[in-house]
Structure formats: C-alpha cells, structure tokens
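*Asks:*
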Amino acid sequence: MAKSVLNAPEFQSEEAAFAYVEARLWPEGPVCPHCGGVERISKMQGKSTRIGTYKCYQCRKPFTVKVGTVFEASHVPMRVWLQAMVLMCASKKGVSTNQLHRSLGVSLKTAWFMSHRIREAMRTVGMQPMGGAGKAVEADETYYGQVKGEPVRKGVGHKHVVVALVERGGGARSFHVEGTRIADLAPVINANIAKESALMTDEGTWYREIGRQFARHETVKHREDEYVRGDAHVNTAEGFFSIFKRGMKGVYQHCSEKHLHRYLAEFDFRYSNRIKLGVDDAERTARALKGIVGKRLTYRTTHN
Ligand SMILES: [Zn+2]
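If you read the sequence shown in the working numbering, its first letter stands for residue 563, the second for the next number, and so on.
(1) Tell me which residue opens and which closes the alpha helix (DSSP H) that His663 is part of.
(2) Using C-beta distances below 6 Å, list every residue in its chain close to Cys817, excluding the 5 sequence neighbours before and after it, in chain order.
(3) Between Val699 and Met692, which are expected to be in contact by the criterion C-beta below 8 Å, what is the C-beta distance as a whole number of angstroms?
(4) Using a threshold of 8 Å, is the CB atom of Gly598 nearer than that to any non-hydrogen atom of ligand 1?
(5) Let me check one thing: in DSSP terms, what residues is Glu758 bridge-paired to?
(6) Assuming Val855 contacts Thr631 (C-beta within less than 8 Å), just tell me the rounded distance between them.
(7) Excluding sequence positions up to five away, which residues of its chain have a Cβ less than 7 Å from the Cβ of Ala748?
(8) Give the DSSP-derived three-state secondary structure of Phe675 in the structure shown.
(9) Flag this pair as yes or no: are the beta carbons of Thr611 and Phe625 separated by less than 9 Å?
(10) Would you give the residue range spanned by the alpha helix (DSSP H) that Cys651 belongs to?
(11) Spell out the partners DSSP gives Ser736 in its beta bridges.
(12) Grab me the residues of Trp643's own chain with a C-beta within less than 6 Å of its C-beta, minus the 5 sequence neighbours each way, in chain order.
(13) Does the beta-carbon of Lys565 have 16 or more other beta-carbons within 10 angstroms, so that it is buried, or is it exposed?
(14) Note down, in chain order, each residue of its chain lying with its Cβ closer than 6 Å to the Cβ of Arg735, except the 5 sequence neighbours on either side.
(15) Please classify Ser604: does DSSP put it in a helix, a strand, or coil?
(16) What ranges does the alpha helix (DSSP H) occupy inside the segment 791–840, keeping only unbroken runs of at least 4 residues that lie completely in it?
(17) For the alpha helix (DSSP H) that contains Val583, what are its first and last residues?
(18) Tell me which same chain residues have a C-beta within less than 8 Å of the C-beta of Val724, skipping the five on either side of it?
(19) Can you find at least 3 beta carbon pairs, one from the segment 657–673 and one from the segment 752–767, that sit closer than 8 Å?
(20) Taking the alpha-carbon positions, what's the Lys697 to Gly732 distance?
(21) If we count the other Cβ atoms within 10 Å of its Cβ and call it buried at 16 or more, is Asn835 buried or exposed?
(22) Which word fits Thr767, buried or exposed, when buried means at least 16 other C-beta atoms lie within 10 angstroms of its C-beta?
(23) Do Glu590 and Ala581 count as a contact pair if the criterion is CB distance below 9 Å?
(24) Mind checking Ile837: buried by the 16 CB within 10 Å criterion, or exposed?
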C-alpha cells in the first residue's frame, strides 16, 4: 500500500513543517518581512526560542515565515496548517469545518477560521486574462442558494447568481454577481477574458452585446434543446458548476452570502490546478502555500 501523504515529515514535526514552508516561500533564503533585508539574518537557536524564529540585524527585529501571511495571527502549529491545506487541496468537493475539526483535533471555531484562511490562500490575485487567440472560453451562469430576505418562489428570482468563466483545457474563474444584466456581467467578462478568444455562451440576451467584443462568439439555444453545435457549447462550464454544487450541497451545506465568493475561489483553485492539467495533490498544496503571502483578510477575526 502506498504511504499516506500525511506521513511526510512536514506533517509530523514542527521543525520539518517550518523547513517545508520556508523552502517554498524563501527559495533564496530568509527575507525579513519588516525591512525586506536578506543579508544580515540569523536563525535564533536558544532553548526558549520559538521554532522558526530569525533575527534581522539590519532592523533588529525578530520574525518567522508566518509574518505577513494568512497564518500570522494564529497559534495553530504549522504542521496542522499543512495537514489542513493538504486535505482541502486534495478533496475534489472540499472539506467541511466539522471534518477538519475531527481530523485535525482543533476546535470547530479554529477549523472554521483555518478553512477560510486557506480559501484566501487559494484566491489567485493579479491574474492575466484567460483564453487568447485560438482558444475558447465558456461563460455561463447558474443560480445558487437563497438571497437573504427574498421569499422562495418558483423560478430563480430568490437565488444568488454565479457566473463562471471556464477556458477549455484551462482554468476557471467564478463570480457572485448581482444579476444577469449586461451591467452585471460585462465588467467581469471583459476584465477576465482576452478579446482574441472565442466566447461560448448560451442564448442569454445579455451575452449578445458582450460577445461582440470577442474574436468570435458562438451561442447554443438551450431553450430549443440545442446543447452542442460544432464547437459551440457550455458543457465545460456546466461541469464546473456541477462540482461546485455537489460540494456546496454535500460538504458545506450552503454558506452565507458574505462568504460565497470565498467558496467560489476554493472551487476555482482546485479546478484550475487539477490533475488533468498535470497538477497532483502535492503540487496543488505547494501552490496554495505560495498563496498565503500578502493576503489581507477582510472579515473579522475577533472570534478566534
Ligand atoms: Zn529587517
């Protein structure tokens, strides 16, 4: 039997966990997060020194690799953070707070905060547009959950609108938007898809004008039971939504509106770093780890 991925030393020993994170965040050696110095830095070795502490002799301040990352204000051991990351990166539909709490032996509250911080690490920033010449990007919308205060009616009027952009043979980006007016969708589509791409959508009237901006725009008429015509379809985007919905229903059991974009970032991340694109569980975790740097959490952290 293959060894469990959690047998690796970085999941077992705190020293090894720090070494693992340092090797990935500081490939050229430690960098002082206070002054940016790289030269006069020494590892603190005293018995009472916390693991992973360095001192910068340029600004005379101590630091660890956690400073300036989503792990910074937390007392959770580094090896437990890494365990949580590998669990969330390796499971296609996500891991519930309850499961993290039971698997890692942390409190429910801690598990909740850890999972949101890891989602933040998974959020990609400063992205290049998707697609490009000769590439196809599908845009599709789905309806999810229930808008607070909206009575449940027939149809989708009381649900949140989520739009997903999925490049064929590439990644996904999904967004919680106000509605399906051109004003809701155009900014998202224009900012994220290269104009040289072929845009694939359904017959939604809102896509008509938006589509003119792209090298090509193909639509399928779902209302007339047309799902594929030549290379025109949105089946890839629908596949993405199906993983998202199964995860939200089966694992997360819905979430509040405030956090919906965080869950979307999590599903985007796993989809964009999936095995079919050559990214295995270990590499996916390493990529999420690179994302812990420079993220500011906008929700309150006072419960922790
Ligand atoms: Zn310094």
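The C-beta atom is built at its ideal place from N, Cα and C for all residues, glycine as well.
*Replies:* Quick answer:
(1) Annotation for His663: the continuous alpha helix (DSSP H) segment containing it runs 659–666.
(2) Tyr825
(3) About 5 Å separates the two Cβ atoms, so the contact holds.
(4) Gly598 Cβ: within cutoff of ligand 1.
(5) Answer by DSSP bridge pairing: none, since Glu758 is not bridged.
(6) 5 Å
(7) Taken in chain order, the residues that qualify are Ile772.
(8) helix
(9) No, they are not a contact pair.
(10) 640–652
(11) Ala726
(12) Phe633
(13) exposed
(14) Closer than 6 Å at the Cβ level, and outside the excluded window around Arg735, lie Leu727, Asn754, Asp830.
(15) strand
(16) 797–809, 822–834
(17) 576–587
(18) Glu703, Thr704, Tyr705, Tyr706, Ser736, Phe737, His738, Val739, Phe803, Phe806, Leu822, Leu826
(19) no
(20) 10 Å
(21) buried
(22) Within a 10 Å sphere around the beta-carbon of Thr767 sit fewer than 16 other beta-carbons, which makes this residue exposed.
(23) no
(24) exposed
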